[in-house]
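Trainee:
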Amino acid sequence: MDVTRNGTRVGGIHQVAFMHIPDGFIDGKTAAVSAALSAAGVGLALRQVRRELPARKAPLLGLSAAFLFAAQMVNFPVAGGTSGHLVGGTLVAALLGPSAAVVVVTTVLIVQCFLFQDGGVTALGANIFNMAILNSVVGYAVYRAVCHWLTGIRGRVTAIAFAAWCATVVSAISCAGQLAWSGTIPWAAAFPAMAAVHLFIGVGEGLISGLVFLAVYRARPDLIVETQAGGGPKRFGELVRQGLLATLGVAVFVAPFACSWPDGLDSVAGKFGIKHTLAAPLWPAPAPDYQVPGMHWAVGATAVAGAIGSLVVFALALLMGRWLVPKSTES
Amino acid sequence: MNVSWDHHHGRPGSPIHRLGAAPKLGFALLLIVATVLMPIEHRAWFAGVAGVLLLTVLLSRLPLLFLARRLLMLSPFVLGVVLVNAWQPAGRANWLALAVKSGLCLLTVILVSNTTPFSQILRVLKSIRVPSLLITTIALMHRYLFVLLDESERMRRARASRTFTQRRPFHWHTLGTVVGQLFIRASERAERIYDAMCARGWK
Chain C
339 MDVTRNGTRV GGIHQVAFMH IPDGFIDGKT AAVSAALSAA GVGLALRQVR
389 RELPARKAPL LGLSAAFLFA AQMVNFPVAG GTSGHLVGGT LVAALLGPSA
439 AVVVVTTVLI VQCFLFQDGG VTALGANIFN MAILNSVVGY AVYRAVCHWL
489 TGIRGRVTAI AFAAWCATVV SAISCAGQLA WSGTIPWAAA FPAMAAVHLF
539 IGVGEGLISG LVFLAVYRAR PDLIVETQAG GGPKRFGELV RQGLLATLGV
589 AVFVAPFACS WPDGLDSVAG KFGIKHTLAA PLWPAPAPDY QVPGMHWAVG
639 ATAVAGAIGS LVVFALALLM GRWLVPKSTE S
Chain B
33 MNVSWDHHHG RPGSPIHRLG AAPKLGFALL LIVATVLMPI EHRAWFAGVA
83 GVLLLTVLLS RLPLLFLARR LLMLSPFVLG VVLVNAWQPA GRANWLALAV
133 KSGLCLLTVI LVSNTTPFSQ ILRVLKSIRV PSLLITTIAL MHRYLFVLLD
183 ESERMRRARA SRTFTQRRPF HWHTLGTVVG QLFIRASERA ERIYDAMCAR
233 GWK
């Protein structure tokens, strides 16, 4: 490795990794549960990939992982010197299929953890669950659902942009749930912060994913699994298995807190001097949630913003599809 | 991450470099798990871990400046959590515990990854029965990671020399095309690699 090589890259290498949880931020139980879920998910994905991937495509997984890492280094300028970059779970899922995407993103996370110390060792399971499994599965499910009723390449670009946004937001919420369950940050602070930031990051992710997908589609449509001759494999069973796993994870990490949302009322009651008798969530939220009453409204407001945001983003994705794919080239 | 691509720092002859990969990884994992699980009241444990790590730093003869820079590169994640915690009324102690724990774990991983060749780490993974497809994928990613980063840098330079400064939407469009092209090149390279593997008798 020579000096100039190091020199040319210094600026672009360290990327903003909002979702790579470091060591110490996740406690024992959360780490164990998420590691078990991730091991199951990656195991399922590996089995699926081994079954369906032709031998001559075997190196493609490793190369896709290297591609994803290199692609994450490409800076997309936003404003005022900041820039965004691709995360890519949904994009890879749309290009190679969901199981391959789980394997590829898992590989990237393992290498980032051991080689570049991005994300902790004990948090590896949580990171794999959020970014490899949940992101790929949610992204792919939304992508297929939207593709189902928006046909043509225009529909696909819309679908992938919207899917990437949804997947980013869902991963962020799961990350917030894990942090809250670990007692690192109370849910009432973690959820609005993570969700709000990723409502915006997700827009960038959707836009980049759509642009990249379109570029690949125009140059080499044969490389995309779904567009290969034969109409593409049936992925229903695969999606159901991984989807169940993802749902289980969300149920463990997020649902206990989501159930306590009505406590917003409770905290107001507390403010007026009425001692609150809260319906305890399945697991007690360990951090002192009730010291900052305003934050409960933040949780509710974020949920509403997310719902409105998804409509806005879908409209944006539709516009983007129209803008990028002129009517004449629509196939 | 932005320091260097050469992750075999220090003198390869140091006692830490010479240690077997399996015991080193096992010990590091134990240390990390124990540190994460340990309640923050047990000050002695954290001091002990810090002592062991400092000793390792000295023995490994890694450049101190390099280590300090790696440690101080706080991820925005850590910053965010710290900010939120500082805002919380009862967050002070929690914040310190987080910083100490994640700092010690980070130093442990930095030390291991800079004193152990990646191929040896892969061998350990293989010996603990990690599925071979995953290991092949990791090995290939590690092998071609730097090749593709170079390719991406060449494409960036070529693009910069051919296009004028663009207005933002078009710039994103161009960058999207560049990344798409990178995927296509990676796929084509994968096919060539498969041919080469077969030519060498891979089954």
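Chain order of the listed sequences is C and B. Just so we're on the same page, my numbering is the position in the first sequence counted from 1, plus 338. Just so we're on the same page, my numbering is the position in the second sequence counted from 1, plus 32. Glycine included, C-beta positions come from ideal geometry on N, C-alpha and C. Because the structure is a prediction, the values reported are computed rather than measured.
First and last residue of the alpha helix (DSSP H) that includes residue 576 of chain C?
Mentor: 574-591
Trainee: Checking the sheet assignment: what are the DSSP bridge partners for residue 421 of chain C?
Mentor: According to DSSP, which records beta bridges pairwise, residue 421 of chain C is partnered with C:415.
Trainee: Find out if the Cβ-Cβ distance for the pair residue 373 of chain C, residue 429 of chain C is shorter than 8 angstroms.
Mentor: Here residue 373 of chain C is not near residue 429 of chain C, since their CB atoms are 8 angstroms or more apart.
Trainee: Just checking, does the stretch 155-173 of chain B make contact with the stretch 466-485 of chain C on the three C-beta pairs under 8 angstroms criterion?
Mentor: no
Trainee: Counting contacts by CB-CB distance shorter than 8 angstroms, is residue 492 of chain C in contact with chain B?
Mentor: Output row for residue 492 of chain C: interface = no.
Trainee: Compare the C-beta of residue 550 of chain C against all C-beta atoms of chain B and say whether one is closer than 8 angstroms.
Mentor: yes
Trainee: Mind listing the chain C neighbours of residue 231 of chain B? Cutoff is C-beta to C-beta under 8 angstroms, in chain order.
Mentor: Correct list: empty, because the minimum Cβ distance to chain C is about 13 angstroms.
Trainee: Using only alpha-carbon positions, find the residue among C:449, C:483, C:645, C:548 that is nearest to residue 573 of chain C.
Mentor: Ranking C:449, C:483, C:645, C:548 by Cα distance to residue 573 of chain C puts C:483 first.
Trainee: State the DSSP-derived secondary structure class of residue 135 of chain B, mapped to helix, strand or coil.
Mentor: helix
Trainee: Determine the extent of the alpha helix (DSSP H) in which residue 468 of chain C is found, giving its start and end residues.
Mentor: Per DSSP, residue 468 of chain C belongs to no alpha helix (DSSP H) and is neither H nor E.
Trainee: Run the CB neighbour count on residue 499 of chain C, radius 10 Å, all protein chains shown included, and call it buried at 16 or more, exposed below.
Mentor: buried
Trainee: For residue 133 of chain B, is the classification buried or exposed, using 16 other Cβ atoms within 10 angstroms of its Cβ as the cut-off for buried?
Mentor: buried
Trainee: Using a C-beta to C-beta distance shorter than 9 angstroms, which residues of chain B count as neighbours of residue 366 of chain C?
Mentor: 65, 68, 69
Trainee: Which same chain residues, not among the five before or five after residue 540 of chain C, have their C-beta less than 6 angstroms away from its C-beta?
Mentor: 503, 506, 507
Trainee: Please report the straight-line C-alpha distance between residue 162 of chain B and residue 395 of chain C, rounded to a whole angstrom.
Mentor: 21 angstroms
Trainee: Below 8 angstroms on the Cβ atoms is my guess for residue 424 of chain C versus residue 409 of chain C; work out the distance and round it to an integer in Å.
Mentor: 5 angstroms
Trainee: Can you give the Cα-Cα distance for residue 147 of chain B and residue 93 of chain B, rounded to whole angstroms?
Mentor: Cα to Cα, the separation comes out at about 10 angstroms.
Trainee: Run through the stretch 146-195 of chain B for me and flag every whole alpha helix (DSSP H) of 4 or more residues, listed as ranges in chain order.
Mentor: Look at the stretch 146-195 of chain B and you find these whole runs of alpha helix (DSSP H), each 4 residues long or longer: 150-159, 164-194.
Trainee: Given 8 angstroms as the limit, is there contact between the stretch 372-389 of chain C and the stretch 148-158 of chain B, that is, 3 or more CB pairs closer than that?
Mentor: no
Trainee: Closest to residue 513 of chain C by CA distance: which of C:451, C:467, C:642, C:447 is it?
Mentor: C:467
Trainee: Can you give the beta carbon distance from residue 213 of chain B to residue 553 of chain C, rounded, assuming they're within the 8 angstroms contact cut?
Mentor: 7 angstroms
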